Amino acid sequence: MGRRFPGRGLFNTSRVFPSRCLRGRSEFRQRPQAPESELNKLRIGIATMNLNLLLARTFQFVTFVFFTFTALVYVGLLLVLPLDILTQLIRLLMGIGFPVVLAAGLGIAALGYLGYAVSRMPELYTLMYEIGRELILFSHRQIKRFDPLIAVAKGAVDGDQATA
Numbered sequence: 233m234g235r236r237f238p239g240r241g242l243f244n245t246s247r248v249f250p251s252r253c254l255r256g257r258s259e260f261r262q263r264p265q266a267p268e269s270e271l272n273k274l275r276i277g278i279a280t281m282n283l284n285l286l287l288a289r290t291f292q293f294v295t296f297v298f299f300t301f302t303a304l305v306y307v308g309l310l311l312v313l314p315l316d317i318l319t320q321l322i323r324l325l326m327g328i329g330f331p332v333v334l335a336a337g338l339g340i341a342a343l344g345y346l347g348y349a350v351s352r353m354p355e356l357y358t359l360m361y362e363i364g365r366e367l368i369l370f371s372h373r374q375i376k377r378f379d380p381l382i383a384v385a386k387g388a389v390d391g392d393q394a395t396a
C-alpha cells in the first residue's frame with residue numbers, strides 16, 4: 233500500500249470533515265474575518281425596528297387589557313353590589329328566624345327601597361356614571377399614547393424595507 237494522505241484512503245473523510253483536508257496548510261489555518269456588509273447592517277437594523285414595533289404593540293395590548301379589565305370590574309361591581317346586598321339581607325333575616333320565603337320578600341322590598349332612595353339623589357347616580365365615563369376616556373387616552381411610538385417604529389421598518 234502506498235502512503236496515506238489526509239482525506240484519502242479506505243474512507244474518504246474529506247466529504248464529512250472538510251477541515252481534515254486542510255490540516256497542515258498554513259494559509260488555511262486562520263480564516264480572515266469577512267467585513268460586515270451593508271446588507272447585514274440593514275438586516276440588523278430591520279430586526280431592531282421590528283422588535284421596537286413588536287414591543288410597542290405588545291405593551292399597547294397589555295394596557296388595553298388592563299383598562300378593559302378595570303372597566304369591566306367597575307361595571308360588574310355596580311351590577312353585583314345590589315345582588316350582594318340582597319343576599320346579605322336574606323341571610324340576616326334568616327338568621328333572625330324568618331322563613332326563607334318571607335326573608336326573600338323582605339330582602340327584595342328593602343333593596344327596592346334602597347334603589348328608590350338612590351334614585352331620589354340624582355347627584356349620586358350622576359357621579360357614578362361620570363366616574364365610569366371618565367375611566368373609559370382615561371383608558372382611551374392612555375392607549376392612544378402608544379400611537380406615536382408605533383408610527384415611528386412602523387415608519388422606520390417601512391423605510392428600511394423600502395431601501396432594501
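Going by my numbering, the first residue of the sequence shown is number 233, and it counts up by one from there.
Idealized CB from N, CA, C, for every residue including glycine.
Note that the structure is predicted; figures quoted are calculated from it, not measured.
What are the start and end residues of the alpha helix (DSSP H) that includes G337? Going by DSSP, G337 is part of the alpha helix (DSSP H) stretching over V332 to S351.
Can you list, in chain order, the residues of its chain with a C-beta nearer than 8 Å to that of Q292? Leave out the 5 residues immediately preceding and following it. Correct list, in chain order: I375, F378 and I382.
Pull up the distance between the alpha-carbon of T302 and that of I368, whole angstroms please. In this model, T302 and I368 are separated by some 9 Å (Cα to Cα).
Using the rule of at least 16 other Cβ atoms within 10 Å of the residue's Cβ for burial, across every protein chain shown, is L309 buried or exposed? Its Cβ having fewer than 16 others within 10 Å, L309 is exposed.
Does the beta-carbon of G344 have 16 or more other beta-carbons within 10 angstroms, so that it is buried, or is it exposed? Exposed is the call here.
Straight-line gap, S371 to S351 (C-alpha atoms, nearest Å): Answer to the nearest angstrom: the Cα atoms are 28 Å apart.
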